[in-house]
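Worksheet: one structure, shown below.
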Amino acid sequence: MSPDASERRDVGRDLLPHLLARFDPARRTVIGIAGESGSGKSVTSTGLARTLDASGWPTVVLHLDNYFVRPPRTNHEHRLLDLANVGPHEVDLARLEGDVAAFRAGAAGVRAPVVDYPGNRFVEEVISFAGSQVLIVEGTWALHLGDLDVRILLDATHEDTLERRRERNRDIDAPIMRDILAIEHTLVAPMRAKADIVIDRHFAISHASPAVPPASPSQ
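So the sequence shown is numbered by my numbering: it starts at 1175 and just counts up by one.
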């Protein structure tokens, strides 16, 4: 079943102490949230952003789906040509890294791509970073980014999230989609080893590595 509003709020509250132990008030913080399709990345990132905002840490979210090299329908057609096309190389990680670096450097905002789904294209919008102390990057391959302070993995697999994907009208019963999701699972599973925090399919924290306090400027 899809997580209801109370579950989403709870995971944000549960994450808060783990995150605050890693935050440095003197610098902007970047969080990556990754996981398989339908695992709850978007609702987790949105709920966490609200929790952080309410706790005095203004937060902005970047969605990795907006940084794909090809727009959605074209990308799906590209996958059908060869399933080896499924993976993090479908994303313009260099551009995303650049926008993360701009946030880290104190930029007031960036011109970022945004998917125009009806038009099957990308448009550009100004994403404001003004006043934000935290950036959340959410998406299947978010943990491939190098400059992250906290790495969060949603551990639900494509089998666990079957019902959620049906509720979102995803064409999950097509054989090609099952193949794509299986490839995605194989590629996402190793990310668990690099995650600081793992959230299980019930939206409970199943693993949290000990927080390392931020280094002082003199160190």
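From the three backbone atoms N, C-alpha and C, an ideal C-beta is built for every residue, glycine too.
In the same chain as E1271, and ignoring 5 residues on each side of it, the C-beta atoms closer than 8 Å to its own belong to L1319, G1320 and D1321, in chain order. Leaving aside the five residues that flank F1197 on each side, the residues in its chain whose CB is nearer than 6 Å to its CB run, in chain order, T1203. Contact check for S1211 and E1358: beta-carbon distance about 6 Å, within the 8 Å limit, so the pair qualifies. A distance below 8 Å separates the beta carbons of L1222 and L1189. Under the three-state reduction of DSSP output, G1206 falls in the strand class.
The continuous stretches of alpha helix (DSSP H) do not include T1335, and DSSP gives it neither H nor E. With contacts defined by Cβ atoms closer than 8 Å, V1362 and G1209 form a contacting pair. DSSP places V1274 in the helix class (H, G or I) of the three-state scheme.
By the criterion of a C-beta distance shorter than 6 Å, E1299 is surrounded in its chain by V1288, once the five residues flanking it on both sides are discounted. Under DSSP, H1237 takes part in a beta bridge, and its partners are E1312.
H1318: not part of any beta strand (DSSP E); DSSP gives it neither H nor E. At the C-beta level, V1243 and R1253 stay beyond 8 Å of one another.
If you look at H1250, you'll find it in the alpha helix (DSSP H) that goes P1246 to L1255. When Cβ pairs closer than 8 Å are counted between the two stretches, the segment 1362-1379 is seen not to touch the segment 1277-1293, the count staying below three.
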